[in-house]
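In our numbering, the protein residues as written are 1 to 246. As structure tokens, the structure follows; a few thoughts come after it.
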């Protein structure tokens, strides 16, 4: 998956849909409720650092991991701009190996759905568990099965965001959503540059996620409808999990 061009426009696209201040507020509330030490924090699949910068300012030591160097370069600039010292590391979160333990680990905005194989999901959860301190918290979310299968499903969407126009074609089969995006980005010469991205997300049933978490020795503390205080229901589009190392 090539993120070079995508990294440059990611923030402009995502800010249309995500209230990052609310994400930060919910995560910090959950940390306080669960007596998390605000010492060592790790954000997995950090992307351009929008969550890591906001949550990280509450912690002493911040680590940010992503598979894309292009995303990490943008994240590094944000940390620098906000005068936050952080270590940014290019690594596959399914093969996490940092030789350090954390009080809080996050992986938000459906990063977990990008893991499509059972063995990789087990490795991911197991490695997160090993990188947590005792009583450490792991907060992550998934796009719900309902959202991926029914809302996105086999539908096509078009968006026009200022200097960016793009089409989003979806196909859903065997619990895998294939997303094919075509972007047209306006340049300084008033021309449009075209590039394409293909992404895959797996639709997970909540029961399967919870079975795998238990298998990896996590205690499930709670789950919510996205970053709200609402309970998950059959029409929830995002499920937020709060789990603990015991």
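Backbone N, C-alpha and C define an ideal beta-carbon position, used for all residues, glycine too. Since the structure is predicted, the reported quantities are computational estimates derived from the model, not experimental observations.
For residue 112, the three-state DSSP class (helix, strand or coil)
helix
Assuming residue 149 contacts residue 44 (C-beta within less than 8 Å), just tell me the rounded distance between them.
Incorrect: roughly 25 Å between the Cβ atoms, too far for contact.
Using DSSP's beta-bridge definition, name the partner residues of residue 44.
65
Flag this pair as yes or no: are the beta carbons of residue 140 and residue 108 separated by less than 9 Å?
yes
Residue 84: which of 96, 64, 158 and 229 sits nearest, CA to CA?
64
Using a Cβ-Cβ cut-off of 6 Å (strictly less than) and excluding sequence neighbours within five positions of residue 157, which residues of its own chain qualify?
168
Could you check the C-alpha separation between residue 187 and residue 229 for me, to the nearest Å?
42 Å
What would DSSP say about residue 136, mapped onto helix, strand or coil?
strand
Is the distance from the Cβ of residue 209 to the Cβ of residue 244 below 9 Å?
no
What does DSSP give as the partner residue(s) for residue 241 in the beta ladder?
140 and 223
Residue 190 versus residue 184: straight-line alpha-carbon distance, rounded:
12 Å
Taking the DSSP output, what are the residues bridged to residue 178?
171 and 200
Compute the Euclidean distance between the alpha carbons of residue 91 and residue 171, then round it to the nearest angstrom.
29 Å
Whole-angstrom Cβ separation of residue 86 and residue 105, contact assumed at under 8 Å?
About 14 Å; that fails the 8 Å criterion.
Under DSSP, the beta strand (DSSP E) around residue 25 begins and ends at which residues?
Note, residue 25: premise wrong, no beta strand (DSSP E); alpha helix (DSSP H) at 20–33.
State the Cα-Cα distance for the pair residue 21 and residue 82, rounded to the nearest angstrom.
15 Å
Do residue 79 and residue 47 count as a contact pair if the criterion is CB distance below 9 Å?
no
Three-state secondary structure (DSSP) of residue 107
strand
Extent of the continuous beta strand (DSSP E) to which residue 156 belongs
156–161
Of the choices 32, 68, 71 and 133, whose alpha-carbon is the least far from that of residue 55?
32
If you draw a straight line from the alpha carbon of residue 239 to that of residue 162, how long is it in whole angstroms?
30 Å
Locate the alpha helix (DSSP H) running through residue 87, then write down its first and last residues.
Per DSSP, residue 87 belongs to no alpha helix (DSSP H); it is in the beta strand (DSSP E), 86–90.
Per DSSP, residue 117 is paired with what?
Its beta-bridge partners do not exist; DSSP assigns none.
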